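Report on one structure; see the data block that follows.
Protein chains: 2
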Amino acid sequence: MDHEEEGSGLKMKAMDAEQLREQAHIMVDFIADYYKTIETFPVLSQVQPGYLGKLLPDSAPTYPESLQHVLNDVQEKILPGVTHWQSPNYFAYFPANSSIAGFLGEMLSAALNIVGFSWITSPAATELETIVLDWLAKALLLPHHFFSTGQGGGVIQGTASEAVLVVLLAARDKILRTVGRSALPKLVTYGSDQTHSSLQKACQIGGLDPELCRLLKTDSSTNFALSPDVLSEAISNDIANGLIPFFLCANVGTTSSTAVDPLPALAKVTRTNNIWFHVDAAYAGSACICPEYRHFIDGVEEADSFNMNAHKWFLTNFDCSLLWVKERSALIQSLSTNPEFLKNKASEGNMVIDYKDWQIPLGRRFRSLKLWMVLRLYGLEGLQTHIKNHIAMAAYFEELVVQDTRFKVVAPRTFSLVCFRLLPPPNSEDNGNKLNHDLLDLVNSTGSVFITHTALSGEYVLRFVVGAPLTEVRHVKAAWQILQEKATALLESL
Amino acid sequence: MDHEEEGSGLKMKAMDAEQLREQAHIMVDFIADYYKTIETFPVLSQVQPGYLGKLLPDSAPTYPESLQHVLNDVQEKILPGVTHWQSPNYFAYFPANSSIAGFLGEMLSAALNIVGFSWITSPAATELETIVLDWLAKALLLPHHFFSTGQGGGVIQGTASEAVLVVLLAARDKILRTVGRSALPKLVTYGSDQTHSSLQKACQIGGLDPELCRLLKTDSSTNFALSPDVLSEAISNDIANGLIPFFLCANVGTTSSTAVDPLPALAKVTRTNNIWFHVDAAYAGSACICPEYRHFIDGVEEADSFNMNAHKWFLTNFDCSLLWVKERSALIQSLSTNPEFLKNKASEGNMVIDYKDWQIPLGRRFRSLKLWMVLRLYGLEGLQTHIKNHIAMAAYFEELVVQDTRFKVVAPRTFSLVCFRLLPPPNSEDNGNKLNHDLLDLVNSTGSVFITHTALSGEYVLRFVVGAPLTEVRHVKAAWQILQEKATALLESL
Chain A
1 MDHEEEGSGL KMKAMDAEQL REQAHIMVDF IADYYKTIET FPVLSQVQPG
51 YLGKLLPDSA PTYPESLQHV LNDVQEKILP GVTHWQSPNY FAYFPANSSI
101 AGFLGEMLSA ALNIVGFSWI TSPAATELET IVLDWLAKAL LLPHHFFSTG
151 QGGGVIQGTA SEAVLVVLLA ARDKILRTVG RSALPKLVTY GSDQTHSSLQ
201 KACQIGGLDP ELCRLLKTDS STNFALSPDV LSEAISNDIA NGLIPFFLCA
251 NVGTTSSTAV DPLPALAKVT RTNNIWFHVD AAYAGSACIC PEYRHFIDGV
301 EEADSFNMNA HKWFLTNFDC SLLWVKERSA LIQSLSTNPE FLKNKASEGN
351 MVIDYKDWQI PLGRRFRSLK LWMVLRLYGL EGLQTHIKNH IAMAAYFEEL
401 VVQDTRFKVV APRTFSLVCF RLLPPPNSED NGNKLNHDLL DLVNSTGSVF
451 ITHTALSGEY VLRFVVGAPL TEVRHVKAAW QILQEKATAL LESL
Chain B
495 MDHEEEGSGL KMKAMDAEQL REQAHIMVDF IADYYKTIET FPVLSQVQPG
545 YLGKLLPDSA PTYPESLQHV LNDVQEKILP GVTHWQSPNY FAYFPANSSI
595 AGFLGEMLSA ALNIVGFSWI TSPAATELET IVLDWLAKAL LLPHHFFSTG
645 QGGGVIQGTA SEAVLVVLLA ARDKILRTVG RSALPKLVTY GSDQTHSSLQ
695 KACQIGGLDP ELCRLLKTDS STNFALSPDV LSEAISNDIA NGLIPFFLCA
745 NVGTTSSTAV DPLPALAKVT RTNNIWFHVD AAYAGSACIC PEYRHFIDGV
795 EEADSFNMNA HKWFLTNFDC SLLWVKERSA LIQSLSTNPE FLKNKASEGN
845 MVIDYKDWQI PLGRRFRSLK LWMVLRLYGL EGLQTHIKNH IAMAAYFEEL
895 VVQDTRFKVV APRTFSLVCF RLLPPPNSED NGNKLNHDLL DLVNSTGSVF
945 ITHTALSGEY VLRFVVGAPL TEVRHVKAAW QILQEKATAL LESL
């Protein structure tokens with residue numbers, strides 16, 4: 001059959017405008033049909049580990065196969081193993097928005113397939129990135145020093161992990177230029193115990209002592225926000241012990257419960273102690289384009305760097321993590337290289353930005369294109385509506401939970417995440433952790449909904465995030481009904 | 495007009511199967527038309543720094559705009575600022591192949607838009623990646639320990655920079671577990687002076703002493719390959735000085751001249767000294783699926799890690815960098831995190847791979863999909879033909895250069911790169927560096943062709959790489975004609 005196809009004249013060229021047109025139209029219909037039927041798939045894939053190895057051959061084919069053959073395999077073999085992040089019944093982790101505009105942007109970027117490490121390798125890629133990050137900085141009312149016209153500027157990273165890593169490296173090298181390289185083992189990093197694990201990983205990568213990544217305790221008394229007093233005390237202790245505090249990662253919207261650290265009060269502490277102040281608003285930053293939520297980043301004018309992921313809740317396909325820095329030279333001093341084979345007039349003349357020096361990899365995709373298309377095809381007003389709509393649905397879900405006395409909302413809902421748990425029956429041996437773990441498994445194994453969990457003060461807690469573009473109130477209602485039914489069944493079985 | 499459009503009922507939804515279908519078909523035609531007319535654009539963008547800021551507004555729009563409006567802007571404002579990596583007249587840097595199959599894979603991956611950090615977030619993403627990396631390992635005749643069934647396995651990184659970084663970190667932490675963390679400032683990294691700048695950057699990132707990243711001298715006597723004796727001597731000196739050698743990055747196909755380091759002889763040195771042996775075949779690795787070129791990676795069976803970029807010369811759209819490691823536990827020990835919110839049964843039970851622990855970021859795209867589609871839609875035979883065809887065209891170009899006595903080929907052509915220069919006239923004050931710099935500028939400013947340069951033994955050298963999928967012999971001929979014409983004009987003007 002392979003040989004037959006090869007001889008049929010249908011063989012696909014490496015590149016050809018008309019073949020591309022024909023095959024890509026087929027793919028568009030396949031994708032549109034996927035979205036049309038997306039609710040028929042289990043949201044969380046129900047396959048067992050190793051399922052795919054049993055379905056695919058153990059070698060690459062020698063001869064070409066047809067697109068139809070491959071698409072059949074996608075339908076029959078790949079899609080069952082997909083967890084459908086774009087399903088309207090997806091309420092897990094944080095959202096990863098795909099949108100029509102974002103998808104179109106990805107298409108165009110993949111088609112041009114440029115590698116924009118330096119300005120000259122596609123001036124439009126660099127310049128559009130600078131422009132849309134300035135647009136966003138304006139929409140978020142960020143301080144002037146984060147604009148490209150100041151000493152700083154914005155850049156698209158792949159993920160928030162890379163964003164925190166590059167600013168940690170910039171901060172590390174900046175302080176080491178003052179105190180000397182040999183002080184590396186004395187550098188201390190701070191965050192709350194709610195800070196994303198990427199901070200620890202960044203410390204690990206940067207050669208910092210992992211013991212000196214201080215994740216300061218939070219609890220429900222501050223709604224899991226970092227206390228400036230706790231930070232201040234930790235810093236004083238470290239200084240007294242001859243250590244060198246150099247970096248704080250503050251959160252606006254933590255992963256577990258969307259807690260918001262008090263930026264202005266924390267900024268006072270970092271200013272006094274000459275510490276790099278990074279604000280991680282990976283998820284919640286998107287909400288701050290709405291006037292009524294902008295106050296959550298009040299204090300950002302004191303930050304050295306600020307991050308939000310357009311690929312989470314801003315209708316921009318993964319990956320697209322936006323980072324602004326106050327002082328771009330710190331980033332560039334840490335991350336620049338200048339080999340002969342990349343030298344060119346524009347770069348040598350310091351006339352342009354070369355974003356390769358603002359990130360870990362050398363190569364980079366034309367990611368600004370999709371963000372630009374999202375901004376233009378939806379407009380800021382459309383994006384605000386998208387955000388507000390999700391927050392309203394989360395508020396509605398919260399109400400539903402509150403009305404059922406068997407459940408409890410365990411942290412304030414600030415954006416579109418509700419943290420809640422099923423209460424253990426009186427005199428139960430279980431503190432509720434096993435109960436909620438079991439409830440999560442039961443609910444997710446229906447395939448009708450996907451939610452995830454976290455731990456807050458040692459309690460196993462369920463997380464329900466509204467954020468998928470296709471989610472409507474009816475999906476929220478249906479999800480709650482499943483949760484209630486499974487809770488009833490579980491409590492009865494005890 | 496914005497308001498009008500808003501009221502016209504054409505407003506794009508965040509997501510909707512039928513709107514997606516309609517708009518994506520429009521985008522397909524736009525993209526196919528781009529490829530149809532790609533030769534009408536200057537290959538190297540001829541815009542001046544800052545050009546785009548003058549064409550775009552300084553704020554994001556409040557209200558949605560139409561796709562047609564945006565596509566007009568792409569045509570009129572963005573495309574002039576694009577350097578057309580997919581043009582058949584692109585002979586610069588190394589290629590970054592887009593192909594029909596790769597593009598279709600990107601479309602599908604963008605449509606599913608999953609974030610595959612852990613197995614459970616889309617089992618198919620993890621398992622397909624493992625499978626296709628095993629397929630490729632087989633096609634490249636890699637040793638058993640690089641297969642997922644051994645102690646190692648393959649993983650897709652964004653770029654070769656990230657590949658060398660993660661293995662450097664794994665090697666760093668492995669040796670530090672033996673000698674103690676305080677030995678960090680004593681660790682020494684080795685490579686030749688032809689090694690890609692990403693090695694130095696990785697050292698910088700990992701907190702290693704930049705002075706101890708030894709880029710050992712090469713010259714034309716070894717065709718710019720690293721001498722095992724030079725390496726051995728450097729290691730002995732460092733050990734004698736109380737330093738700790740721990741990492742070698744060897745090259746198969748350097749960026750400047752596609753030099754090939756002698757892997758078997760280097761492996762002897764690393765084995766004796768217990769040094770992590772990384773092989774960077776970012777560009778040339780693709781050629782090694784052809785039996786006649788496989789010998790260039792002989793010795794890879796001794797390597798601890800091996801890297802090739804499918805996004806360079808393997809018809810797989812950017813980004814897709816393939817990394818194999820001998821001992822996956824070393825990678826995982828350096829890069830794993832395990833926060834509560836990501837815990838799940840499959841991961842806790844060690845039943846699955848979580849690729850988040852094999853890379854820098856947490857999030858990751860479904861990149862194996864495009865590689866799988868490339869392998870299936872072209873077959874290994876089709877991919878071999880693609881490679882051989884380019885190498886034959888480069889050999890033809892080399893012949894053309896040799897036939898014109900005004901030029902000189904300055905390094906052996908091994909794959910599809912020809913390094914050459916225009917010889918300065920006798921009694922010229924210029925050693926040829928200015929002459930070739932001027933020739934490069936003249937040629938690139940025609941817009942008809944794009945080539946880049948490098949330096950070899952202090953000489954400014956022109957690089958001509960055949961690698962774009964659309965390139966045919968007529969494009970190579972035309973490029974050479976432009977080079978000859980401009981050389982004639984330049985020599986006459988002296």
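Top line first, the protein sequences correspond to chains A and B.
In terms of the working numbering, the first sequence opens at residue 1 and continues consecutively.
In terms of the working numbering, the second sequence opens at residue 495 and continues consecutively.
Heads up, the beta-carbon is just placed ideally off N, CA and C, and yes, glycines get one too.
Here the structure is a predicted model, which is why all the values come from computation and not from measurement.
Worksheet item: From the beta carbon of A/T454, is the nearest beta carbon of chain B less than 8 Å away?
Response: Output row for A/T454: interface = yes.
Discussion item. For the segment 396-403 of chain A against the segment 415-423 of chain A, do three or more pairs of beta-carbon atoms, one drawn from each stretch, fall closer than 8 Å, so that the two count as touching?
Written reply: yes
Item to complete: Provide the residue span of the alpha helix (DSSP H) that contains A/M373, from first to last.
Response: Note, A/M373: alpha helix (DSSP H), S368 to Q403.
Worksheet entry | DSSP state of B/K711 mapped onto helix, strand, coil | coil
Item to complete: Quick one: give me the first and last residue of the alpha helix (DSSP H) that A/Q68 is part of.
Response: Counted as a single uninterrupted DSSP element, the alpha helix (DSSP H) harbouring A/Q68 occupies residues L67 to D73.
Practice prompt. Starting from A/T337, find everything on chain B with Cβ-Cβ shorter than 7 Å and list it in chain order.
Written response: S691, Q694 and K695
Worksheet entry | Nearest-angstrom Cβ-Cβ length linking A/V167 and A/L371, presumed shorter than 8 Å | Their Cβ separation, rounded to whole angstroms, is 20 Å, which puts A/V167 and A/L371 out of contact at 8 Å.
Fill in: Residues near A/F91 in its chain [Cβ-Cβ closer than 7 Å; skip 5 each side]
Counting only Cβ-Cβ distances below 7 Å, and skipping sequence neighbours, we find V449, F450, I451, F464, V465, V466 and A479.
Worksheet item: If you count every other CB in all the chains shown that lies within 10 Å of the CB of A/L44, and 16 or more means buried, which is it?
Response: buried
Fill in: Option nearest B/I699 by Cα separation, candidates B/A775, B/H772, B/L659 and B/A605
B/L659
Worksheet item: Is there a Cβ from chain A that is less than 8 Å from the Cβ of B/P855?
Response: Judged by the 8 Å Cβ criterion, B/P855 is in contact with chain A.
Item to complete: From the DSSP output, in three-state form, read off A/L422 for me.
Response: Here A/L422 sits in strand by DSSP.
Discussion item. Contact between the segment 13-31 of chain A and the segment 78-89 of chain A is defined here as three or more beta-carbon pairs at a separation below 8 Å; is this criterion met?
Written reply: no
Discussion item. Just to confirm the assignment: which complete alpha helix (DSSP H) runs, minimum length 4, are found wholly within the segment 643-697 of chain B?
Written reply: 654-673
Worksheet item: Does the Cβ of B/N566 have 16 or more other Cβ atoms within 10 Å, making it buried, or fewer, making it exposed?
Response: exposed
Worksheet item: Can you pull the DSSP bridge partners for A/I244?
Response: Paired residue(s): A/L187.
Practice prompt. Give me the Cα-Cα distance between A/D430 and A/S493, rounded to the nearest whole angstrom.
Written response: 14 Å
Item to complete: Check each candidate in A/V473, A/G102 and A/A267 and name the one with the smallest Cα separation from A/W313.
Response: Answer by Cα proximity: A/G102.
Discussion item. For the ligand FMN, is there any heavy atom lying closer than 7 Å to the beta carbon of B/Q878?
Written reply: Among the components modelled here there is no ligand, and therefore nothing to report on the ligand FMN.
Worksheet item: From B/K668 to B/A824, what does the alpha carbon distance come to, in whole angstroms?
Response: 7 Å
Item to complete: List the endpoints of the continuous alpha helix (DSSP H) containing A/A139.
Response: Per DSSP, the continuous alpha helix (DSSP H) segment holding A/A139 begins and ends at P123 to A139.
Discussion item. Three Cβ pairs or more, each shorter than 8 Å: is that satisfied between the segment 175-194 of chain A and the segment 205-217 of chain A?
Written reply: yes
Worksheet item: What does a CB cutoff of less than 8 Å around B/S726 pick up in its chain, not counting 5 residues either side in sequence?
Response: V763
Fill in: Element boundaries [alpha helix (DSSP H), containing A/D438]
A/D438 -> alpha helix (DSSP H) spans N433 to S445.
Worksheet item: Whose Cβ in chain B lies nearer than 9 Å to the Cβ of A/W119?
Response: P543
Worksheet item: Does the segment 429-443 of chain A come close enough to the segment 345-352 of chain A that 3 or more CB-CB pairs lie under 8 Å?
Response: A contact between stretches requires three or more CB pairs, one per stretch, nearer than 8 Å, and the segment 345-352 of chain A fails this requirement with the segment 429-443 of chain A.
Worksheet item: Can you give the Cα-Cα distance for B/E979 and B/L869, rounded to whole angstroms?
Response: 41 Å
Discussion item. Just verifying my parser: in three-state terms, what is the DSSP assignment at B/Y584?
Written reply: Here B/Y584 sits in strand by DSSP.
Item to complete: Return the residue from the list A/D304, A/D261 and A/N273 that minimises the CA-CA distance to A/T222.
Response: A/D261
Fill in: B/L737 versus B/F771 - alpha carbon distance
Rounded to the nearest angstrom, the two C-alpha atoms are 18 Å apart.
Discussion item. Just checking: is the beta-carbon of A/K186 within a distance shorter than 8 Å of some beta-carbon in chain B?
Written reply: no
Worksheet entry | Coarse secondary structure for B/S553, derived from DSSP in three states | coil
Discussion item. Starting from A/N307, trace the beta strand (DSSP E) in both directions and tell me its first and last residue.
Written reply: S305 to N309 is the span of the beta strand (DSSP E), which, as asked, contains A/N307.
Discussion item. Among B/A761, B/S581 and B/L950, whose alpha-carbon lies nearest the alpha-carbon of B/A744?
Written reply: B/A761
Worksheet item: Do A/L128 and A/L369 have their CB atoms nearer than 8 Å?
Response: yes
Worksheet item: Which residues, in order along the segment 28-39 of chain A, keep a beta-carbon less than 9 Å from a beta-carbon of chain B?
Response: V28, D29, F30, I31, A32, D33, Y34, Y35, K36, T37 and I38
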